Amino acid sequence: QVHLVESGGGLVQPGGSLRLSCAASGSIFSIDNMGWYRQAPGKGRELVAYITRSGTTNYGTSLKGRFTISRDNAKNTVSLQMNSLKFEDTAVYYCYAAQAGSIYWGQGTQVTVSS
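Each number in this note's numbering corresponds to the 1-based position in the sequence shown with 32 added.
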């Protein structure tokens, strides 16, 4: 079992920045991809970004350029730097980790973009 804890969500004005972090604990050996999904009110969960163990990144549509994902394998953490935030970025952001065919999820952290 992999336990994930997110931090860094909150309220930010349009154009502002936030940095989300996610720390993995438990059976953390050989974690493969780590990343973030988000779910806005009334919508399905969508990919934000993921990063492989070797550092290859992939972003959801139209997010690359504003969002940057990074990972520290030694600390078993993944971070998401979000810049130029828009109203439509408001959502609950979920960290995930893939390991040996299983997917583990964090509890989610709320990001609200509002003036």
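All C-beta atoms, glycine included, are put in the ideal place defined by N, C-alpha and C.
Because the structure is a prediction, the values reported are computed rather than measured.
F119 carries a helical assignment under DSSP once its states are collapsed to helix, strand and coil.
Between the segment 132-141 and the segment 106-121 there are fewer than three inter-stretch CB-CB distances shorter than 8 Å, so the stretches are not counted as touching.
DSSP, reduced to helix, strand and coil, places F61 outside both helices and strands of the structure shown, so it counts as coil.
Here the alpha carbons of I60 and Q33 stand approximately 8 Å from one another. When C-alpha distances from Q113 are compared across R85, V143, A130, the shortest belongs to V143. Q139 is not bridged by DSSP to any residue. Bridge partners of T89 according to DSSP: I83.
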